[in-house]
Amino acid sequence: MSKNEDLFKKIISHAKEYGFIFPSSEIYDGLSAVYDYGPYGCELKNNIKSYWWKSMVQMHENIVGIDSAIFMHPTVWKSSGHVDAFNDPLIDNKDSKKRYRADVLIEDYLQKIEDKITKEVEKAAKRFENFDEQMFRQTNARVIEYQKKIDEIRTIFIRCMENSDWAKLKVLIDELEIVCPISGSKNWTEIRQFNLMFSTQMGSVAEDADVIYLRPETAQGIFVNFLNVQKSSRMKIPFGIAQIGKAFRNEIVARQFIFRMKEFEQMEMQFFVRPGEELQWFNYWKEERMRWHIALGMGKENYRLHEHEKLAHYANAAIDIEFQFPFGFKELEGIHSRTDFDLKSHQQYSGKKIQYFDSETNESYVPYVVETSIGLDRMFLAILSYSFVEEVLEDNSVRTVLKIPPVLAPIKIAVFPLVKKDGMPEKAREILKGLQQHFLCQYDEKDAIGRRYRRQDAIGTPYCITVDNQTLEDNTVTLRNRDSMQQERIAIENIEKRVWDLLKINY
Ligand code: ATP
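Quick note on numbering: the working numbering labels position 366 of the sequence shown as 352, and the sequence is numbered without any gaps.
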């Protein structure tokens, strides 16, 4: 098992053991790619949501929020293109009986060559430093060769994806001799298309349209409400509508824990702009969203931008913000310039005019849209992956700590009496009561103080307050910082302000 696989397994079991994430219906052996959030998990999730909501809605005068229903009129999904085009190309390995997304097999193959290039470039740099000119030239030539190969494969790959040419994509998989990671064989089926939407029945809709879908994205709830929101909140273009909500996709190849789920949550914002100004806003939101991520302090080096090779049917520009998960850099958030595709299409299918009158230009038009779309569960996984650390201490013991950005931590403060006597528990509970009005806190008096600190480390509590003998004399306590393990002495009356200061983020 590789170091990263091992780390990922540890993260998954830690998340279960400490009440962050449980497999759904576990007593019935679980349900594939569906998960439940436990007590700390739902706190962390709520904190991510409110942090995102605040930075989008509260901090922008021109962004408002909505909460639209999961069920929508079936024609919405015809209009959006999801009924006809929301497909994955799937391929089965006949020996392992495992199913894969054909496009992911190719992307993984290309990633492996890219990893090789990175290694060769590092080697070449060393040879250059050592004046080993001949070897430098050789490694350089190899890098050029790899790069050429990648470009060739990518060109064919993109063409296949754009034309949904699955026969050619299968030929590519055969030619590249891609093997199944489980069976190691090249014994593949043909590629088939598979629609990702879940459907169900709704009796009361007109006879010929009683199949309804569980929404595969929250965005359409925003588009169909464009005029309702614009008129009721008197918004002027450019303005945005934000929404957090569940989305459902029948992901056949759902692995990697909560990275790819069948039921998940999205935090989306659709920003409506003048036609022709969309690419300028696309760049604005690309930078703004990256800034939001970096401000959380999870390491600039853990993010990168990835431009789409194949644009969705509705987009004229698209970029992903990728995060370095234990299984590599993968999409965390998508920024898409969706043109006027959705509003125009709804206008056409519904027969209702969806236009905006711009009083500055005296023109009516269908606005263009720039979307920022981040998976709440993927953000959760990014935080968990970044924050899970096994630290070797000076005495060689190992402490497991979740270095969750403090502002997002499920429990903000734990309050302990040093010992269970001499009036310390009463004093600690009094402090707890005051702090509970502002923060989610925990009280713990069981076991030695060191073990109590460890328990809080494991769930990511950033601050621990301990009441000791001195507290009873001068009303001061110790405040221990999770990451540095340093303690400071602080007056009880200053705790609240101090913690607010520590939780501040410069965004
Ligand atoms: P992927 O390429 O990984 O399938 P996507 O490009 O289909 O993702 P979008 O349709 O752009 O994803 O959705 C926006 C965001 O929603 C993604 O960036 C991701 O964070 C999240 N998301 C999408 N599908 C899932 C899923 N099955 N499980 C969890 N989160 C998801």
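All C-beta atoms, glycine included, are put in the ideal place defined by N, C-alpha and C.
Q: If I'm right that Q97 touches G314 with Cβ under 8 Å, what's the distance once you round it to whole angstroms?
A: 7 Å
Q.
Distance check for L458 and R466, CA to CA, integer angstroms please.
A. 18 Å
Q) Apart from the five residues on each side of it in sequence, which residues of its chain come closer than 6 Å, Cβ to Cβ, to K154? A) C146
Q) Taking just the CA atoms, how far does G24 sit from A233? A) 20 Å
Q | Extent of the continuous beta strand (DSSP E) run through C450 | A | Y449 to V453
Q: Give, in chain order, every unbroken run of the alpha helix (DSSP H) that is at least 4 residues long and sits entirely within the stretch 150 to 231.
A: Within the stretch 150 to 231, the complete alpha helix (DSSP H) segments of 4 residues or longer fall at 152 to 161, 205 to 209 and 212 to 218, listed in chain order.
Q) Does the beta-carbon distance from F(-6) to P312 come in below 7 Å? A) At a Cβ-Cβ threshold of 7 Å, F(-6) and P312 count as neighbours.
Q | Whole-angstrom distance between F72 and A298, CA atom to CA atom | A | 10 Å
Q: Would you decide whether V387 is buried or exposed? Buried here means 16 or more other CB atoms lie within 10 Å of its CB.
A: buried
**Q.** Whole alpha helix (DSSP H) elements within the stretch 302 to 389, 4-residue minimum
**A.** The DSSP assignment places complete alpha helix (DSSP H) segments of no fewer than 4 residues inside the stretch 302 to 389 at 327 to 336 and 362 to 373, in order along the chain.
Q) Mind pulling the beta strand (DSSP E) runs of 3 or more residues that sit fully within the stretch 28 to 98? A) Listed in chain order, the beta strand (DSSP E) runs fully inside the stretch 28 to 98 are 49 to 51, 73 to 78 and 85 to 87, counting runs of at least 3 residues.
Q.
Quick check on F8: does DSSP put it in helix, strand or coil?
A. strand
Q) Smallest Cα separation from D363: which of P167, K248 and D430? A) K248
Q) Would you call the CB atoms of D326 and Y354 closer than 7 Å? A) yes
Q) How is V20 classed by DSSP in three states: helix, strand or coil? A) coil
Q: From the DSSP output, in three-state form, read off A298 for me.
A: It is coil, neither helix nor strand.
Q. Less than 6 Å between the CB of D539 and some heavy atom of the ligand ATP, yes or no?
A. This structure gives no information on residue 539, because the portion of the chain shown stretches from -13 to 493.
Q: Report the partner residues of Q473 according to the DSSP bridge assignment.
A: R466
Q) Between the stretch 343 to 354 and the stretch 253 to 272, do three or more beta carbon pairs fall short of 8 Å? A) yes
**Q.** Any non-hydrogen atom of the ligand ATP closer than 6 Å to S359 Cβ
**A.** yes
Q. According to DSSP, is R290 helix, strand or coil?
A. strand
Q | Proximity winner among R128, K338 and I369, relative to F209 (alpha-carbon distances) | A | Nearest option by C-alpha distance: K338.
(Q) Between the alpha carbons of R324 and N288, how many angstroms are there, rounded? (A) 27 Å
Q) DSSP state of P261, grouped into three classes? A) coil
**Q.** Buried versus exposed call for G446 [16 or more other C-beta atoms within 10 Å across all chains shown]
**A.** buried
**Q.** Segment contact, 8 Å Cβ cut-off, at least three pairs: the stretch 61 to 75 with the stretch 113 to 132
**A.** no
(Q) Are the CB atoms of R235 and L182 within a distance shorter than 7 Å? (A) Yes; because the gap between Cβ atoms is below 7 Å, this pair is in contact.
Q: Could you name the residues of the same chain whose beta carbon sits closer than 6 Å to that of W63, not counting the 5 residues immediately before and after it, in chain order?
A: V69 and Y199
Q | When L404, I321 and E106 are compared against E264, the one with the closest alpha-carbon | A | I321
Q.
Given 6 Å as the limit, tell me if F250 has its C-beta closer than that to any heavy atom belonging to the ligand ADP.
A. What this structure holds is the ligand ATP, not the ligand ADP.
Q) Three or more beta-carbon pairs under 8 Å between the stretch 214 to 232 and the stretch 47 to 56, yes or no? A) yes
**Q.** M284: CB within 6 Å of a non-hydrogen atom of the ligand ATP
**A.** no
Q) If we call anything under 7 Å between Cβ atoms a contact, is S150 one with S331? A) no
Q) Considering I13, what are the terminal residues of the beta strand (DSSP E) in which it resides? A) No beta strand (DSSP E) contains I13, which DSSP labels as neither H nor E.
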